[in-house]
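Below is one structure, written out as structure tokens; the observations come after it.
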Amino acid sequence: MIVLKKLLWSSALVALLLSGCRDSPENQDEENPIDTEDLTGEVYDVEGNEDTEDVEAEGLEANTLVGAVTDIEPVSIEDYDKDKWSYADLSHLEHKITNEVFKEENNLYIGTDSESVMSLSPEFEPIWEDKNPYGYKVSLAIDEDYIYNPALGGDGSTDDALKALNKESGEIQYAIDLEDYAEMSEILFDDEAIYLALGKISDPEELTFADMASLHKFDKSNGKEVWSLDFDGTRLGGGRSHPYDLTQSEDLIYLVEEDGQKLVARSKEDGTEVWSEKFGESDEAIRLAQTFTSGDSVYVIDNNYVFYIFDPKTGEKEAEYQYNGEVPGAMVPFPVFYEDTVFWQDVDEDQHYLKAVQPKSEEELWTLDMDEHFLVDYSIVDGMLYAFFGSTDYDAEENTLMARINPETGEIVDLVDMGEHMSAKYNNYYRYMGLTEHEGNLVYFYEKHLFIFNE
1 MIVLKKLLWS SALVALLLSG CRDSPENQDE ENPIDTEDLT GEVYDVEGNE DTEDVEAEGL
61 EANTLVGAVT DIEPVSIEDY DKDKWSYADL SHLEHKITNE VFKEENNLYI GTDSESVMSL
121 SPEFEPIWED KNPYGYKVSL AIDEDYIYNP ALGGDGSTDD ALKALNKESG EIQYAIDLED
181 YAEMSEILFD DEAIYLALGK ISDPEELTFA DMASLHKFDK SNGKEVWSLD FDGTRLGGGR
241 SHPYDLTQSE DLIYLVEEDG QKLVARSKED GTEVWSEKFG ESDEAIRLAQ TFTSGDSVYV
301 IDNNYVFYIF DPKTGEKEAE YQYNGEVPGA MVPFPVFYED TVFWQDVDED QHYLKAVQPK
361 SEEELWTLDM DEHFLVDYSI VDGMLYAFFG STDYDAEENT LMARINPETG EIVDLVDMGE
421 HMSAKYNNYY RYMGLTEHEG NLVYFYEKHL FIFNE
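Residue numbers (full-length UniProt numbering): 1 to 455.
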């Protein structure tokens with residue numbers, strides 16, 4: 001399918017160029033090439049070839065196409081079951097929402113564009129606020145005891161720390177000193193410990209990103225370091241601020257080493273290597289620079305959209321699967337994993353599809369045509385896929401749609417018009433927009449507005 005698409009696109013491109021030669025240059029608008037490494041990349045507009053689109057549509061319909069987002073009429077959010085959602089207008093606050101939003105019982109914990117974490121009452125009034133000297137580079141985290149507030153300014157900054165905050169008072173219970181480091185991973189923790197990958201810059205005058213990586217375990221009750229070790233890390237690249245995203249099983253931590261070519265499982269007990277497996281060729285290094293754990297397997301994806309699946313205990317390769325699709329640019333949002341199923345996009349020119357595949361069995365389950373919409377973000381909650389769609393007509397600023405989708409069949413169970421324009425452009429990191437799942441509550445936020453969905 002990918003080869004066919006590329007051949008058809010090449011033919012269409014040649015025809016377009018030949019046609020362009022017959023037109024006066026003065027009447028042509030100069031097109032800028034797409035920079036697929038630009039993490040703020042926006043949707044690109046290329047005149048599609050109708051024959052190519054027809055062939056693709058026919059192929060999808062013959063295989064896995066189950067319909068389009070616009071096949072059913074959306075219900076307005078006001079008419080949607082009130083037991084399934086709630087809304088908060090935070091316009092009275094000075095800050096916009098950024099980073100993460102967690103709902104626990106009746107309280108909210110939000111990240112703000114004032115480089116702070118704030119606790120809000122059931123009436124959405126501030127209870128406490130903890131400020132940082134720098135903007136967020138990684139996400140806030142929460143467990144049953146604390147809110148974890150990361151402050152990292154980069155090389156040469158001061159007061160860098162990971163703070164554990166009391167959820168009721170906002171008081172700092174302890175802080176992990178990070179002043180020697182320029183970059184950090186997302187926060188990973190289990191019942192007893194916090195795990196971080198940290199990066200140093202060996203030559204700040206020559207380098208702008210960390211080139212020396214180390215893995216650390218901290219006692220979650222007091223923040224004291226249990227062990228640390230250096231490893232040959234890999235960088236996410238492009239401009240993203242953190243190079244590592246760790247995953248775990250009960251006894252092991254999974255990360256990628258050696259320029260993104262080797263998956264390594266390390267013991268939580270002491271950090272020693274339990275197993276490692278190389279994958280791909282030199283031009284097939286890991287995509288997204290992170291691992292995924294789902295359905296009793298560990299996954300990595302290379303730059304050619306190949307999934308490699310490993311047994312989490314032994315490292316034995318279980319399967320290798322070529323994904324039949326492409327996600328140009330920054331690949332926002334990342335794929336979503338649910339048991340043995342992976343949900344991801346397939347974007348070709350102005351055609352946007354949401355797909356469900358099972359890499360282990362090499363099976364495509366279903367394809368949903370987004371039909372002049374793009375995928376803003378998505379997540380699995382209580383066995384249901386929630387997907388948020390924005391219109392590709394950006395000037396119109398149409399309302400964002402929320403769809404509840406059966407993950408096995410692709411059937412849209414609910415389609416809701418959220419009554420607000422709450423989406424940036426395709427493939428765009430927008431710091432005031434996000435989706436957070438916590439304790440069965442799915443929070444979708446945009447600037448000073450947020451919706452909370454649940455079953």
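Quick reminder that beta carbons are idealized off the backbone N, C-alpha and C, glycines included.
Nothing here was measured: the structure is a model prediction, and the numbers come from that model.
Check	Outcome
Find out if the Cβ-Cβ distance for the pair ALA161, ASP177 is shorter than 8 angstroms.	yes
Near LEU140, what residues of its chain come up, given a Cβ to Cβ distance below 7 angstroms and the 5 sequence neighbours on each side ignored?	ASN99, GLU100, GLY111, VAL117, ILE147, TYR148 and ASN149
Take every Cβ of the stretch 216–236, pair it with every Cβ of the stretch 186–197, and state whether three or more of those distances are shorter than 8 angstroms.	yes
Tell me whether PHE84 sits in a helix, a strand or coil according to DSSP, three-state version.	The sequence given here has Lys at residue 84, not Phe. Helix at LYS84.
With DSSP collapsed to three states, give me the class of TYR134.	coil
Could you check how far apart the C-beta atoms of LEU401 and LEU385 are, in whole angstroms? I think they sit under 8 angstroms.	Not really, about 14 angstroms apart at Cβ, beyond 8 angstroms.
At a cut of 8 angstroms, does the stretch 300–308 reach the stretch 266–285 through at least three beta carbon pairs?	yes
For the stretch 372–429, which segments carrying the beta strand (DSSP E) assignment without a break, of at least 3 residues, lie completely within its bounds, in sequence order?	373–381, 384–391, 401–405 and 412–417
Look at THR293 and SER361 and say whether their C-beta atoms are less than 8 angstroms apart.	no
What three-state label does DSSP hand ASN454 in the structure shown?	coil
Going by alpha carbons, who is nearest to TYR394 out of SER423, GLY271, ASP232 and GLU439?	SER423
Within 10 angstroms of its Cβ, does GLN290 collect 16 or more other Cβ (buried), or is it exposed?	buried
Would you kindly check if the distance between the Cβ of GLU257 and the Cβ of ASP232 is under 8 angstroms?	yes
Check for me: the alpha helix (DSSP H) holding ASN63 runs from which residue to which?	50–63
Between the C-alpha atoms of GLY135 and MET433, what's the straight-line distance to the nearest angstrom?	15 angstroms
Would you check if there are 3 or more beta carbon pairs closer than 8 angstroms linking the stretch 435–449 to the stretch 115–132?	no
Could you say which of SER169, SER228, GLY153 and PHE209 lies nearest to ASP145 if we only look at CA atoms?	SER169
If we count the other Cβ atoms within 10 Å of its Cβ and call it buried at 16 or more, is LYS84 buried or exposed?	exposed
Taking 8 angstroms as the cut-off, decide whether the C-beta atoms of ALA210 and GLU183 are in contact.	yes
State the CB to CB distance for the pair ASN399 and MET418, rounded to an integer number of angstroms; the pair is presumed to be in contact (CB under 8 angstroms).	6 angstroms
Quick check: GLU326 and VAL347, are their CB atoms within less than 8 angstroms of each other?	yes
For GLU78, name the three-state secondary structure that DSSP assigns.	helix
Would you kindly work out how many angstroms separate the C-alpha atoms of THR436 and PHE102, rounded to a whole number?	7 angstroms
Quick check on GLU439: does DSSP put it in helix, strand or coil?	coil
Restricting to Cα atoms, I'd like to know which of LYS224, THR367 and ALA403 is closest to TYR174.	LYS224
Run through DSSP, which three-state label would VAL327 get?	coil
Am I right that GLN322 and TYR308 are in contact with their C-beta atoms under 8 angstroms? What's the rounded C-beta distance?	Contact flag wrong, Cβ pair sits at about 11 angstroms.
Determine the contact status of SER228 and MET212, defining contact as a CB-CB distance below 8 angstroms.	no
Consult DSSP for ASP71 and reduce its assignment to one of helix, strand or coil.	helix
With residue 457 and ALA88 assumed to form a contact (beta carbons below 8 angstroms), what rounded beta-carbon distance in angstroms separates them?	In the structure as shown, the chain begins at 1 and stops at 455. Residue 457 is therefore absent and cannot be evaluated.
Where SER379 and ASP371 are concerned, what is the direct C-alpha to C-alpha distance, given to the nearest angstrom?	20 angstroms
In whole angstroms, what separates the C-alpha of PRO204 from that of PHE310?	37 angstroms
Please look up how many angstroms separate the CB atoms of ASP113 and HIS95, rounded, as I've assumed it's under 8 angstroms.	5 angstroms
Among SER121, GLY153 and THR208, which has the Cα closest to the Cα of residue 456?	No answer is possible for residue 456: it lies beyond the span of the chain, which begins at 1 and ends at 455.
Considering only the beta carbon of each residue, do LYS163 and TYR181 sit closer than 8 angstroms?	no
For the beta strand (DSSP E) containing GLN290, list its first residue and its last residue.	Premise fails: GLN290 is in no beta strand (DSSP E) and is neither H nor E.
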